[in-house]
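Participant: After the structure tokens below, expect a handful of questions from me.
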Amino acid sequence: MQKPTTYREALHRASSLLEQNQLNPKIAEWLMLHAAQIERREWLEKLNDIISVSLLDIYISWIRRVIEGEPYQYITEVEEFYGREFHVNSAVLIPRPETELLVEHVLAYRQEVWPALQQDQQIKGVDVGTGSGVIAISLALEDPKLEMLAVDLSESALEVAQKNADRWRAQVQFLPSDLLTSLQQAQEKVDVIVSNPPYIPYRDKATLARNVVDFEPHLALFADQEGLSCYRQIVEQSRDILRRPGLIAFEIGQGQDEAVVQLIHSVYPEAICQVKEDYNRIKRMVFAIVR
Ligand code: GLN
Numbered sequence: 004m005q006k007p008t009t010y011r012e013a014l015h016r017a018s019s020l021l022e023q024n025q026l027n028p029k030i031a032e033w034l035m036l037h038a039a040q041i042e043r044r045e046w047l048e049k050l051n052d053i054i055s056v057s058l059l060d061i062y063i064s065w066i067r068r069v070i071e072g073e074p075y076q077y078i079t080e081v082e083e084f085y086g087r088e089f090h091v092n093s094a095v096l097i098p099r100p101e102t103e104l105l106v107e108h109v110l111a112y113r114q115e116v117w118p119a120l121q122q123d124q125q126i127k128g129v130d131v132g133t134g135s136g137v138i139a140i141s142l143a144l145e146d147p148k149l150e151m152l153a154v155d156l157s158e159s160a161l162e163v164a165q166k167n168a169d170r171w172r173a174q175v176q177f178l179p180s181d182l183l184t185s186l187q188q189a190q191e192k193v194d195v196i197v198s199n200p201p202y203i204p205y206r207d208k209a210t211l212a213r214n215v216v217d218f219e220p221h222l223a224l225f226a227d228q229e230g231l232s233c234y235r236q237i238v239e240q241s242r243d244i245l246r247r248p249g250l251i252a253f254e255i256g257q258g259q260d261e262a263v264v265q266l267i268h269s270v271y272p273e274a275i276c277q278v279k280e281d282y283n284r285i286k287r288m289v290f291a292i293v294r
């Protein structure tokens, strides 16, 4: 870009560059607002001002990173989920809109399975592989009857999650744990187990979008046994942990619904399993009620 440049010109060039690279041109504006640390309203008044050289340099480097495939959320370090803004960094997966459906269904199942709770009665839930903490925090904030625990193997993910809980003043207890192992050791019991675990089979690595595989944490993406290893382990460990009635809620990968239902039934033959679709009508979630 040539200098001096107005905000409008910088934005315009960045948008067309993104468009030429098949990226959403809107990202240019989000990054500009973030770089200049201004609200959209103030921004409209600034459009014809000259952008400072230092700000323009930062902006150009950010646009370059996005063009090289980095998700813009790792640059702004925020993403929205269930109506709230959450901190993210490269230690955690960027929350996906599909996962909001998981939260929504868990809230509905909570009402359905435990319709008449006493005033002092709480339902205890655990979010397994919490990452940025979005599931546990949203559930705790949306439903005061849900007392949430959240576990992750990654200490740096737990730091992000704790920061998010503090920001929203959510009462969530975070614990380092390889899936449910810490809860087993502590002989902790829960009513609800919710998880969006890593579920991509390693052999799909080559066909995955570059911006996912090159930037998002592999610990959060890939799993053994055709991507099913976390589900298998969570369901097996849940024998020691799940109270009755109990709810298991999983986000799953495309085509994994039958296998996941089957492995839930192998441990809980009496479970009532329901498969739900995402916005693209892909079978994306499995819910099991165990009575
Ligand atoms: N539970 C987090 C989320 O849904 C992280 C998921 C993951 O890392 N697999 O965003």
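So the sequence shown is numbered by the working numbering: it starts at 4 and just counts up by one.
All residues carry an ideal CB built from backbone N, CA and C; glycine is no exception.
Predicted model, so just to flag it, every value in this text is computed and none were measured.
(1) Is the beta carbon of Tyr85 less than 7 Å from the beta carbon of Ser135?
(2) Nearest to Pro7 by CA position, among Gln25, Ile54 and Asn24, is which residue?
(3) Measure the C-alpha to C-alpha separation of Glu191 and Leu26 and round it to an integer number of angstroms.
(4) Starting from Ser185 and walking both ways along the alpha helix (DSSP H), at which residues does that stretch end?
(5) Would you mind stating whether Ile30 and Val69 have Cβ atoms separated by less than 7 Å?
(6) Please tell me whether, using a cut-off of 6 Å, the distance from the CB of Val81 to the nearest non-hydrogen atom of the ligand GLN is below it.
(7) Which whole-angstrom value is the C-beta distance of Gly132 and Tyr202, which I expect to be below 8 Å?
(8) With DSSP as the reference, label Thr133 as helix, strand or coil.
(9) Does the structure place the segment 181-201 close enough to the segment 237-247 that three or more beta carbon pairs sit under 8 Å?
(10) Grouping DSSP H, G and I as helix and E and B as strand, with all else coil, what is Ile292?
(11) Quick check: what's the CA-CA separation for Gln124 versus Ala164?
(12) Where do the ends of the alpha helix (DSSP H) carrying Arg43 lie?
(13) Let me check one thing: in DSSP terms, what residues is His90 bridge-paired to?
(14) Within 10 angstroms of its Cβ, does Asn167 collect 16 or more other Cβ (buried), or is it exposed?
Facilitator: Working from what's here:
(1) Taking the first residue of the sequence shown as 1, we reach residue 85 at position 82. Taking the first residue of the sequence shown as 1, we reach residue 135 at position 132. No, Cβ-Cβ distance for Tyr85 and Ser135 is not below 7 Å.
(2) Here residue 7 corresponds to residue number 4 of the sequence shown, with the count starting at 1. Distance check between Pro7 and each of Gln25, Ile54 and Asn24 places Ile54 closest, using alpha-carbon atoms only.
(3) Position 188 of the sequence shown, counting from 1, holds the residue named residue 191. Position 23 of the sequence shown, counting from 1, holds the residue named residue 26. Cα to Cα, the separation comes out at about 46 Å.
(4) What you label residue 185 is simply residue 182 of the sequence shown in a count that begins at 1. Thr184 to Gln188 is the extent of the alpha helix (DSSP H) around Ser185.
(5) Position 27 of the sequence shown holds residue 30. Position 66 of the sequence shown holds residue 69. Yes. Within cutoff.
(6) For the purposes of this step, residue 81 is taken as residue 78 along the sequence shown, with counting starting at 1. Not under cutoff, so the answer is no.
(7) Along the sequence shown, one-based indexing puts residue 132 at 129. Along the sequence shown, one-based indexing puts residue 202 at 199. That pair is no contact at about 10 Å.
(8) Translated into the one-based positions of the sequence shown, residue 133 becomes position 130. The three-state secondary structure of Thr133, taken from DSSP, is coil.
(9) The answer is yes - the segment 181-201 touches the segment 237-247, with three or more Cβ pairs under 8 Å.
(10) Within the sequence shown, the letter at position 289 stands for residue 292. Three-state result, Ile292: strand.
(11) Reading the sequence shown from its first residue, position 121 is the one you call residue 124. Reading the sequence shown from its first residue, position 161 is the one you call residue 164. Whole-angstrom Cα-Cα distance: 26 Å.
(12) Within the sequence shown, the letter at position 40 stands for residue 43. For Arg43, the enclosing alpha helix (DSSP H) stretches over residues Arg43 to Lys49.
(13) Locating residue 90 in the sequence shown gives position 87, where the first residue counts as 1. Residue pairing by DSSP puts His90 in a beta bridge opposite Val81.
(14) Here residue 167 refers to the residue found at position 164 when the sequence shown is read from its first residue. Counting of Cβ neighbours within 10 angstroms places Asn167 among the buried residues, the total reaching 16 or more.
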